[in-house]
Amino acid sequence: MKDETRLSIAANIERYGYHAVVVAGGATPRWVYTIGLCETVGVELLFAGGVYYLKDEVLELMEQVSKSSFDDAECSQAQRIASLGVEVVKVDAGWSERLLLGVQGYYGTMKPALQIVPLNYRTIDTPRADLPFSRETAGGFRWLDEPWPYDIPSKSEAMVDIGIAFGHPATYAARWEEDYWEIFSVPQSEIDREQARLMPLGVLLTSDPTLEEVVTLSVEGTSARAPGHGWIAGGRESSS
């Protein structure tokens, strides 16, 4: 870790009680974690995925959770914080090694961490970080370990409606750039634009492998399907 980075982290810990790290971009979901909270609370905090929440909302939620009390800093059972609509659970070492690199870099050793998990707004990019990291449990984070297998940029993204983020099946897809798609589960006229989200295509593909057909669309190409049916290239979205 560079000296200037270490000094910046130390200054934030002294001023705010911790330093927040936001990691975004690429094939994996966004994640946010603390460095330094362990000095007062005994653990660091991790918020992985959770695309329903905008970045500033995640940071505010993390601040509120940091002020909450925990029965056991090494908790193996999830602890609910009903007032915030989340639960916290101990992060498995395999996840910490991959996602909390700044903690290791700053302290020279890993610290225990708790994952913040939304109770009512858990989206498909939110992993079970309390379980050992594996292909089966990693979801969109599998690309931290695995080579990118698709003939598109790994940083490819898709604008989705909030239903897609919660796992609703896609019915319409369009590719507008080499690395940008739109994928919807409802007609565009029904989409609340304030709740549309930009998600890594790598996350969507791990959640719904049938979207692999959408990867092959040419730029400005479209595809559509009825629920439970296959994709039809050149298809248009259905109207409500």
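Using this note's numbering, the first residue of the sequence shown is number 2, and each one after it goes up by one.
Virtual Cβ for every residue (Gly too), placed ideally from N, Cα, C.
Nearest in C-alpha terms to G51, of all of R226, P170, Y34, is Y34. The beta carbon of S97 is closer than 6 Å to those of M111, A114 in its chain, skipping five residues each way along the sequence.
Using a 10 angstroms sphere on the CB of P150, the tally of other CB atoms stays under 16, which defines it as exposed.
Here M2 carries a coil assignment [DSSP, helix/strand/coil].
DSSP places L120 in the coil class of the three-state scheme, outside both helix and strand. Taking L46 as the centre and dropping the five residues before and after it, the same chain places the C-beta of Y34, T35, L38, M63, V66, S67, A114, L115, I117 closer than 7 Å to its C-beta, in chain order.
Per DSSP, I14 has no beta-bridge partner at all. For the set E183, V59, D4, the Cα lying nearest the Cα of F48 is the one of V59. If you keep only unbroken alpha helix (DSSP H) runs of at least 4 residues inside the region 94-166, you get 94-100, 102-108, 136-139, 163-166. The beta carbon of F185 sits closer than 6 Å to the beta carbons of D162, Y173 from its chain, once the five residues preceding and following it are set aside; these are given in chain order. The shortest C-alpha to C-alpha distance from V87 to any of N121, G229, Y108, A197 is the one to N121.
Looking only at A21, A159, K91, the smallest Cα-Cα distance to P133 is reached by K91. Between L199 and E158, the C-beta spacing is below 7 Å. D180 has its alpha-carbon roughly 36 Å from the corresponding atom of N13.
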